[in-house]
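Enquirer:
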Amino acid sequence: MSLDLKFTYTEKKDTRSGFGDGFLEAGRRNPNVVGLCADLIGSLKMGDFQKEFPDRFFQTGIAEANMIGLAAGMTLGGKIPFAGTFANFATGRVYDQIRQSVAYSDKNVKICASHAGLTLGEDGATHQILEDLGMMKMLPHMTVINPCDYNQTKAATLAIAEHEGPVYLRFGRPSWPIFTPADQKFEIGKAWKMIDGKDVTIFATGHLVWEAVVAEAMLREEGIHAEVINIHTIKPLDEEAILESVKKTGCAVSAEEHQINGGLGDSIAQTLARHNPAPLEYVGVNDSFGESGTPTQLLEKYGLNAENIVKAVKRALARK
Amino acid sequence: MEKQSIEQLQKICTQMRRDVLRMVHAVQSGHPGAPLGCAEFFVALYFDQLHHNPDFQMNGKGEDLFFLSNGHLSAGWYSVLARSGYFPVEELKTFRKLNSRLQGHPATHEHLPGIRVASGSLGQGLSVALGAAQAKKLNGDDKLVYILMGDGELQEGQVWEAAMYAAHYGVDNLIATVDYNGQQIDGPTSKVMDLKNLKAKWEAFGWEVIETKNGNDLKSVIEGLEKAKSLTGKGKPIMNLLYTEMGYGVDFMVGTHKWHGSPPNDEQLAKALGQLEETLGDY
């Protein structure tokens, strides 16, 4: 029996392609948009921009620290640098450079991070960063965005080009359902209520928004009506939307492809603890590293798929 | 900007040294040694070489830009910025104090005119300066980008990432200077982590290297910067190895790492100021 999904798809594509296409479009719209990449142009899908605007694109070689500094410096001439590499090298490897030269100095740099999370797959734990959202959201001045599919990533890429200030944009490698509209308006910091519900709220970000959509349909078959909220912006967090929903549903689940420590769930817990203590269950990686495998296998093994969201919802409901 | 005589510039150097010593003494913290050694460089740059506008604009279009990568020289930079009109000289008395724009290490966060990026965590400035230099090229802006780094700072790996990049892209509108005083906080660089043949290193990375052998002689410093400027626009980044003495200008502070990060006490301050005439009026 097939599920009665509130959102469906006809095509799958990687979110990094949404970034690449959005980046090219941003470059066409604004001549100040420039690109930098540390020897991963193909993986980041930055090649079309490089081909169309060769003078505005800078291959930095395998030297991420230098890339972040270059980007900070380029803002001084009014440029809007998009600096791309894998999420691990875009955060953990260059945390101090981002902290001092970008965040503290409040520079208009867009840090574009692909291959985030477990769904990177076979490359394994060295590349599967699960701590990046936490590191980035702790930095004052930093905006942190984690879109859910190709269309949302493209829209987010265009939105950050027009936003003044440092941004961390996280996306991924796997082919993933395209279930949000192509013509969507991306509002930084504004959560999107995708599905109305009354019993529980599922706050999801990134690839796991799709898993939340599937989980909602599974729960509905059991008579449980979940509200699904797409938190594409981790920081600034849309606290109003979170509180309004939990006031109605009375309990919540967070779902993210990230460590539970320091992730979206932590931010939601802070909000709820301050304003409306309510049961909250977490779907995320529980203080461990990943490993090699296919994205689907890894989401299952580490407890991040729709079935695990359903289980977490039941735990939350039991605590109401 | 009207050119000043060497004698006038020398007076600014002396006053700058007084400012630095009084600033670090007042809060009993900070780094006097290196800014004392770089006074001639700072003064030559801001009062003779730079095309700059003390009505500060962050984007710096149409101006020469200066970046201080070794941010712990902040007391010296703040003094020269104040003395060249970026902010009131009296503000130097707020150095390292609560609610000041003059943070321990330079920051844009407090909006101090003259500062374009934070520095303090070492090794990052050259990358930022290169980005600014490339943005100038993209904008058709023919002004130059200057940067000062410490010699100990060259132990940071990021510097060499940037060195490789600069030569690869032929960033020839950038003049980097290394304060080659041979000292760092734990001792002489030769003992802590030997820099070996710096000139050969930068040349091997594809830079045009000049040496300013007497970095505490104003005339030599200006000549070195003039020579560096004459070499810009020829496809290579420029490195100016500036031989200085840490603590220069005060007989008991010169040539040792002891004053890298230690302030003088009351007695030492009085003794040091006795060797430095008040030329422009203390803040």
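Protein sequence lines correspond, in order, to chains A and B.
Note that my numbering numbers the first sequence so that position 94 is 94, with each residue one more than the last.
In short: position in the second sequence from 1, add 1000, done, that's my numbering.
Where a beta carbon is used, it is the ideal one built from N, C-alpha and C, also for glycine.
All values reported here derive from a predicted model rather than from experimental measurement.
#1: Should T1108 (chain B) be flagged as near chain A, meaning a C-beta pair shorter than 7 Å?
#2: Is it buried or exposed for F1252 (chain B), if we count other Cβ within 10 angstroms and need 16 for buried?
#3: Counting only Cβ pairs nearer than 7 Å, list the residues of chain A close to S1121 (chain B).
#4: Just checking: is the beta-carbon of N30 (chain A) within a distance shorter than 7 Å of some beta-carbon in chain B?
#5: Check the Cβ-Cβ distances between Q1158 (chain B) and every residue of chain A, and say whether any is below 7 Å.
#6: Using a beta-carbon distance below 7 Å, is L70 (chain A) in contact with chain B?
#7: Taking Cβ-Cβ distances below 8 Å as the criterion, which residues of the segment 1126–1157 of chain B are in contact with chain A?
#8: What is the DSSP secondary structure of A191 (chain A), counted as helix, strand or coil?
#9: Quick one: residues in its chain with C-beta nearer than 7 Å to the C-beta of N151 (chain A), no 5 flanking neighbours on either side, listed in chain order?
#10: With a cut-off of 8 Å on the beta carbons, I'd call V33 (chain A) and I80 (chain A) a contact; round off their distance for me.
#11: Check each residue of the segment 1048–1069 of chain B: if its Cβ is closer than 9 Å to any Cβ of chain A, include it; give the result in chain order.
#12: Does R1022 (chain B) get closer than 7 Å to chain A when you measure Cβ to Cβ?
#13: Confirm, please, whether the CB-CB distance from A90 (chain A) to I62 (chain A) is below 7 Å.
#14: Which residues mark the beginning and the end of the beta strand (DSSP E) in which D1179 (chain B) is found?
#15: Quick one: give me the first and last residue of the beta strand (DSSP E) that Y282 (chain A) is part of.
#16: Are W192 (chain A) and K12 (chain A) closer than 7 Å when you measure CB to CB?
#17: Count the other C-beta atoms from every protein chain shown that fall within 10 angstroms of the C-beta of S2 (chain A), then say buried if there are 16 or more, exposed otherwise.
#18: Cβ atoms of Y1243 (chain B) and G1224 (chain B): under 7 Å apart, would you say?
#19: I need the boundaries of the beta strand (DSSP E) containing P174 (chain A), first residue and last residue.
#20: Check the Cβ of R1116 (chain B) against every Cβ in chain A and list those closer than 9 Å, keeping chain order.
#21: Using a Cβ cut-off of 7 Å (strictly closer), state whether E1161 (chain B) contacts chain A.
#22: Do A252 (chain A) and T205 (chain A) have their CB atoms nearer than 7 Å?
#23: Let me make sure I understand the geometry here. Which of B:G1233, B:T1279, B:K1003 has the alpha-carbon closest to that of L1144 (chain B)?
#24: For V33 (chain A), report the span of its beta strand (DSSP E) as first-last.
#25: 7 Å is my cut-off, CB to CB: does Q1103 (chain B) come that close to chain A?
#26: Residues of chain A with a CB under 8 Å from the CB of Y1165 (chain B): which are they?
#27: How long is the line joining the alpha carbons of L40 (chain A) and E1007 (chain B), rounded to whole angstroms?
#28: In the DSSP assignment, what residue or residues form a beta bridge with Q1134 (chain B)?
#29: What residues match up with I1147 (chain B) in a beta bridge as DSSP calls it?
#30: Can you name the residues of chain B whose CB is closer than 8 Å to the CB of R344 (chain A)?
#31: Could one say the Cβ of K110 (chain A) lies closer than 7 Å to chain B's Cβ atoms, at least one of them?
#32: Three Cβ pairs or more, each shorter than 8 Å: is that satisfied between the segment 1152–1162 of chain B and the segment 1050–1062 of chain B?
#33: Please classify G92 (chain A) as buried or exposed, where buried requires at least 16 neighbouring CB atoms within 10 angstroms.
#34: If contact means a Cβ-Cβ distance below 9 Å, which residues of the segment 76–90 of chain A contact chain B?
#35: Q1124 (chain B) touches chain A at which residues, Cβ-Cβ below 7 Å?
#36: Which same chain residues, not among the five before or five after A215 (chain A), have their C-beta less than 6 Å away from its C-beta?
Expert: Looking at the atomic coordinates:
#1: Interface residue, yes.
#2: It is exposed - the Cβ of F1252 (chain B) has fewer than 16 other Cβ atoms within 10 Å.
#3: Listed along chain A are D96, Q100, each with a C-beta nearer than 7 Å to that of S1121 (chain B).
#4: For N30 (chain A), the answer is no, since every Cβ of chain B falls outside 7 Å of its Cβ.
#5: Yes, Q1158 (chain B) lies at the interface with chain A (some Cβ there is under 7 Å from its Cβ).
#6: With a threshold of 7 Å between beta carbons, L70 (chain A) makes contact with chain B.
#7: Answer set for the segment 1126–1157 of chain B: L1126, S1127, V1128, A1129, L1130, G1131, A1132, A1133, Q1134, A1135, K1136, L1138, N1139, D1141, G1157.
#8: Of the three classes helix, strand and coil, the one that applies to A191 (chain A) here is coil, per DSSP.
#9: Taken in chain order, the residues that qualify are G18, I178, T180, P181, A182, Q184.
#10: Here V33 (chain A) really is in contact with I80 (chain A); their C-beta atoms are around 5 Å apart, less than 8 Å.
#11: If the cut-off is 9 Å between Cβ atoms, the segment 1048–1069 of chain B has M1058, N1059, G1060, K1061, L1065, F1067 near chain A.
#12: Closer than 7 Å to the CB of R1022 (chain B) there is not a single CB belonging to chain A.
#13: I62 (chain A) places its beta carbon 7 Å or farther from that of A90 (chain A).
#14: Element bounds for D1179 (chain B): 1174–1180.
#15: Taken as a continuous stretch (DSSP letters only), the beta strand (DSSP E) holding Y282 (chain A) covers 280–285.
#16: No, they are not a contact pair.
#17: Here S2 (chain A) is exposed, its C-beta having fewer than 16 other C-beta atoms within 10 Å.
#18: Contact annotation: G1224 (chain B) and Y1243 (chain B) have beta-carbon atoms that are not nearer than 7 Å.
#19: If you look at P174 (chain A), you'll find it isn't in any beta strand (DSSP E); DSSP assigns it neither H nor E.
#20: Ordered by position in chain A, the residues that pass the 9 Å Cβ test against R1116 (chain B) are G73, L76, S105.
#21: Closer than 7 Å: yes.
#22: No; because the gap between Cβ atoms is not below 7 Å, this pair is not in contact.
#23: The shortest C-alpha separation from L1144 (chain B) is found at B:G1233.
#24: In the DSSP annotation of this structure, the continuous segment of the beta strand (DSSP E) that includes V33 (chain A) starts and ends at 33–37.
#25: For Q1103 (chain B), the closest Cβ of chain A is not nearer than 7 Å.
#26: Simply T60, G61, A63, N66, L70.
#27: If you take the alpha carbons of L40 (chain A) and E1007 (chain B), they lie about 55 Å apart.
#28: DSSP lists no partner for Q1134 (chain B).
#29: I1147 (chain B) pairs with B:F1067, B:A1176.
#30: For residue 344 (chain A) there is no data in the structure shown, the boundaries of chain A being 1 and 320.
#31: By this cut-off, K110 (chain A) is not an interface position.
#32: When C-beta atoms of the segment 1152–1162 of chain B are compared with those of the segment 1050–1062 of chain B, fewer than three pairs fall below 8 Å, so the two segments do not count as touching.
#33: Exposed is the call here.
#34: Only L76, G77, G78, K79, P81 from the segment 76–90 of chain A bring a Cβ to less than 9 Å from some Cβ of chain B.
#35: Ordered by position in chain A, the residues that pass the 7 Å Cβ test against Q1124 (chain B) are G69, Q97, Q100, S101.
#36: Setting aside the 5 residues that flank it on each side, A215 (chain A) is surrounded in the same chain by A306, I309, V310, each with a C-beta closer than 6 Å to its C-beta; the list follows chain order.
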